[in-house]
């Protein structure tokens, strides 16, 4: 009796495959008009490397703009990602969130389309149908939402793009006909691995993927073959024959591994070979003293990562601070850890088995793509600063999707094809819908933070971010409640104490705020922001010496801190120490040339001191950095008006009004200028415009009354 014919998933023509993948990859397009949310503010809006700092600083600072050698640095070195953000600012001249989101969506689409030939390469061009169904599943996977809809996910996208290119170049280095082309392709492969690594650290793992591809797909060596060779203890002649037969493979692997080692050493040398320091709230399992329990908790996190790939229903922007409670000996969750290791053990046995079915090589490739890019986030080689981060699964999910389709392909001989295709289409539709809904939640901080509450109600950081968002929108009542909830869940949350203290400070509750700031500093001695805020409160309580000490302590922990210099200047102004106030504000503007309040205070103080020439000089300097600032033009106009330079003063008043037509004081002071200039009709018009905007403005009313009195006397 003849055997049953092998059944495979139906082939899809290449043009239709590309169109389908393009369409499916747009499942995240819902976030195209989203805002800057969560980490975007720190990495982009408040990061000078994205806007004003010298370009070379990008290669000296970490992803968040902090010098890599500083103790506070997270040591995340991604200069090419920052350069892509800098390009947005250079083209636009400002930061427009929509630009960043659109580019992220485009990058995801390119990655998905490019993944089709990459998988054809990694599968040996034998099963193009597997490549298509894998990429289609990858393109809609909801776990990618953070990487695509969150702007800082650009690091993952660029890393994936350059990793795919490096794999294609490695393929050409093997099969190019001319020797020069082979070497150029190999050099290009190493260069793109380096670029991928400088976009996101996991880019270096492309070395491992290329090695597994060369051994398993190109040279058709299986793990069992390697184990067999080692077990029989080969003779020198056998080893020599093996080296002669596999000479090209050995040379390529040597180049790859040597290049990878050089890249890793170079990467660690940038941060002086010092590991980043994290707090226990960032990754609690890493601070457990019991090695066995630490391993159990790491394994449970692996289970959760795998579950997010299988069933991406629970998605959260942050998984720290109590979101995943630690496992102890009597915890029932140990069962899932045991199940995970059983599955992994069975998988290893399957890979090492001598029975080489046609899917083994493809399965090895899928496992390599799943496991190798995940290793940097696994806590195996070094501790990471997070418990679980969905964006780190962007590249590993490609391996997971490949394994799913291989499993689907195996089922083709046991389950009717139409049933399998129907299940596959249902899964694609479900994932597309989930990705569309989840990308909508990433559009604003309000929707993003609130979406996390059902997933991680015990996560203090979720409540902290809801509070921060509420405070920014003016809802101080909700903000205060959520900060207190965050502190209830995590009583040592220094950032929550600092922000709650700020709310109380703004409400005039200075003693309560002082207590919170001091507690935050006790918990985190180098918390520069808390030191500065303590200085503000102490200044309000007229404890000037203590306030000055707090500001200087803040600056000792963070020497580049323009806001602290500004507040220190305000303190010196209250102490009537004008020279120190001017020096402090000068430092603020040197560190941040667009610090409007520091420029304004310098100009006003110099004017009050009768140093009008110096005030005008400072104002002109300020205009170089803030050409569109209405208040600078307004202050210049006031000074020029005092010295009788009416024409130039009028020009600056009009510039101020043009840039901010809703400020009644601009019209009032221009009216005063016309009044002194004896242009009474123009003065009356300005006073009336000021009163149209603010009818209760007494200065405009009084000046208009004086104007009418003057006219009656003239008559």
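In my numbering, the protein residues as written are 210 to 924. Just so it is clear, CB atoms sit at the ideal spot from N, CA and C, and this is done for glycine as well.
#1: Contact defined as beta carbons within less than 8 Å: I believe residue 579 pairs with residue 536. What is the distance between those atoms, to the nearest angstrom?
#2: Are residue 413 and residue 402 close, meaning C-beta to C-beta below 8 Å?
#3: Can you name, in chain order, every residue of its own chain whose Cβ lies under 8 Å from the Cβ of residue 219, other than the five neighbours on each side?
#4: Closest by CA to residue 489, which one among 534, 906, 516?
#5: What are the partner residues of residue 270, as DSSP defines its beta bridges?
#6: Taking contact to mean 3 or more Cβ pairs, one atom from each stretch, closer than 8 Å, check whether the region 553-565 and the region 445-456 are in contact.
#7: Under 8 Å, do residue 349 and residue 644 count as touching if we go by C-beta distance?
#8: Determine the DSSP secondary structure at residue 651, reduced to helix, strand or coil.
#9: Hey, which unbroken runs of the alpha helix (DSSP H) at 4 residues or more fall wholly within the region 532-558?
#10: Specify whether the region 795-803 and the region 302-317 touch according to this definition: at least 3 beta carbon pairs, one from each stretch, less than 8 Å apart.
#11: Does the Cβ-Cβ distance between residue 277 and residue 479 come in under 8 Å?
#12: Here's a check: name, in chain order, each residue in its chain whose Cβ is nearer than 7 Å to the Cβ of residue 364, leaving out the five neighbours to either side.
#13: Are residue 747 and residue 723 close, meaning C-beta to C-beta below 8 Å?
#14: Is the separation between the beta-carbon of residue 703 and that of residue 691 shorter than 8 Å?
#15: Considering only C-alpha positions, which residue in the set 551, 258, 269, 279 is nearest to residue 293?
#16: Quick check on the DSSP output: the alpha helix (DSSP H) that includes residue 515 runs from which residue to which?
#17: Confirm, please, whether the CB-CB distance from residue 839 to residue 865 is below 8 Å.
#18: What is the residue span of the alpha helix (DSSP H) that residue 801 lies within?
#19: Kindly list the residues whose CB is nearer than 7 Å to the CB of residue 657, restricted to its own chain and excluding five residues on each side of it in sequence; keep chain order.
#20: Does the distance from the CB of residue 376 to the CB of residue 331 come in under 8 Å?
#21: Quick one: complete alpha helix (DSSP H) runs, 4+ long, within the region 224-269?
#22: Beta-carbon within less than 8 Å of residue 725's beta-carbon, same chain only, minus the 5 sequence neighbours each way: which residues are those?
#23: Taking only runs of the alpha helix (DSSP H) that begin and end inside the region 802-865, which ones reach a length of at least 4 residues, in chain order?
#24: Give the single residue among 524, 610, 700 whose Cα lies nearest to the Cα of residue 665.
#25: What is the rounded straight-line gap between the Cα of residue 255 and the Cα of residue 273?
#26: So, is residue 226 buried or exposed, given that buried needs 16 or more other C-beta atoms within 10 angstroms?
#27: Using 8 Å for Cβ pairs, my map puts residue 668 next to residue 512. What's the rounded Cβ distance?
#28: Nearest chain C C-beta to residue 645 closer than 8 Å, yes or no?
#29: Is the beta carbon of residue 371 closer than 8 Å to that of residue 405?
#30: Below 7 Å CB to CB, which residues in the same chain sit around residue 615 once its five sequence neighbours on both sides are set aside?
#31: Using DSSP with H/G/I as helix, E/B as strand and the rest coil, what is residue 525?
#32: Apart from the five residues on each side of it in sequence, which residues of its chain come closer than 7 Å, Cβ to Cβ, to residue 884?
This is what the structure holds:
#1: For the purposes of this step, residue 579 is taken as residue 370 along the chain shown, with counting starting at 1. For the purposes of this step, residue 536 is taken as residue 327 along the chain shown, with counting starting at 1. That belief does not hold up - the Cβ atoms of residue 579 and residue 536 are roughly 24 Å apart, past 8 Å.
#2: By one-based count along the chain shown, residue 413 stands at place 204. By one-based count along the chain shown, residue 402 stands at place 193. In contact: residue 413 and residue 402 (Cβ atoms closer than 8 Å).
#3: The residue you call residue 219 lines up with position 10 of the chain shown. Excluding sequence neighbours, residue 219 sits near 338, 626, 630.
#4: Along the chain shown, one-based indexing puts residue 489 at 280. Nearest option by C-alpha distance: 534.
#5: The sequence position of residue 270 within the chain shown is 61, counting from 1. 276.
#6: Remark: fewer than three beta-carbon pairs, one from each stretch, lie closer than 8 Å, so the region 553-565 and the region 445-456 are not flagged as touching.
#7: By 1-based counting over the chain shown, the position of residue 349 is 140. By 1-based counting over the chain shown, the position of residue 644 is 435. Contact flag set, yes.
#8: On the chain shown, residue 651 is found 442 positions in, with the first residue counted as 1. Residue state, collapsed to three classes: coil.
#9: none
#10: No: fewer than three Cβ pairs fall under 8 Å.
#11: In the chain shown, residue 277 corresponds to position 68, counting from 1. In the chain shown, residue 479 corresponds to position 270, counting from 1. Yes; because the gap between Cβ atoms is below 8 Å, this pair is in contact.
#12: Taking the first residue of the chain shown as 1, we reach residue 364 at position 155. So the list reads 287, 290, 408, 409, once near-sequence residues are dropped.
#13: What you label residue 747 is simply residue 538 of the chain shown in a count that begins at 1. What you label residue 723 is simply residue 514 of the chain shown in a count that begins at 1. Yes, the pair counts as a contact, with Cβ atoms nearer than the cut-off.
#14: Locating residue 703 in the chain shown gives position 494, counting from the first residue. Locating residue 691 in the chain shown gives position 482, counting from the first residue. Contact flag unset, no.
#15: Numbered from 1 along the chain shown, position 84 holds the residue referred to as residue 293. Among 551, 258, 269, 279, the Cα nearest to that of residue 293 belongs to 258.
#16: Walking along the chain shown from the start, residue 515 turns up at place 306. Segment 500-519, the alpha helix (DSSP H) holding residue 515.
#17: Within the chain shown, numbered from 1, the residue matching residue 865 stands at position 656. Within the chain shown, numbered from 1, the residue matching residue 839 stands at position 630. In contact: residue 865 and residue 839 (Cβ atoms closer than 8 Å).
#18: Here residue 801 is taken as the residue at index 592 of the chain shown, counted from 1. Careful: residue 801 lies outside any alpha helix (DSSP H) and carries neither H nor E.
#19: Here residue 657 refers to the residue found at position 448 when the chain shown is read from its first residue. Close CB contacts of residue 657 within its chain, under the 7 Å cut and outside five residues either way in sequence, are with 246, 247, 526, 650, 651 (chain order).
#20: Against the chain shown, residue 376 aligns to sequence position 167. Against the chain shown, residue 331 aligns to sequence position 122. Yes, the Cβ-Cβ distance between residue 376 and residue 331 is below 8 Å.
#21: 257-260
#22: Taking the chain shown and counting its residues from 1, the one referred to as residue 725 is at position 516. Once the five neighbours on either side are set aside, the close Cβ partners of residue 725 are 706, 707, 709, 710, 713.
#23: If we require 4 residues or more, the alpha helix (DSSP H) runs fully inside the region 802-865 come out as 805-817, 821-834, 839-851.
#24: As a first step, residue 665 must be located in the chain shown, where it is residue number 456. For residue 665, the nearest C-alpha among the options comes from 524.
#25: For the purposes of this step, residue 255 is taken as residue 46 along the chain shown, with counting starting at 1. For the purposes of this step, residue 273 is taken as residue 64 along the chain shown, with counting starting at 1. In a straight line, the C-alpha of residue 255 is about 9 Å away from that of residue 273.
#26: Working through the chain shown from its first residue, we reach residue 226 at position 17. Classification for residue 226: buried.
#27: The count along the chain shown starts at 1 and reaches residue 668 at position 459. The count along the chain shown starts at 1 and reaches residue 512 at position 303. Not really, about 19 Å apart at Cβ, beyond 8 Å.
#28: Of the protein chains in this structure there is only one, and it is not chain C.
#29: In the chain shown, counting from the first residue as 1, residue 405 sits at position 196. In the chain shown, counting from the first residue as 1, residue 371 sits at position 162. Result yes, Cβ atoms of residue 405 and residue 371 sit closer than 8 Å.
#30: Position 406 of the chain shown, counted from the start, is the residue given in the question as residue 615. These residues qualify, in order along the chain: 339, 568, 571, 572, 575.
#31: As a position in the chain shown, residue 525 is number 316, starting the count at 1. Coil at residue 525, not helix or strand.
#32: Numbered from 1 along the chain shown, position 675 holds the residue referred to as residue 884. Excluding sequence neighbours, residue 884 sits near 892, 912, 916.
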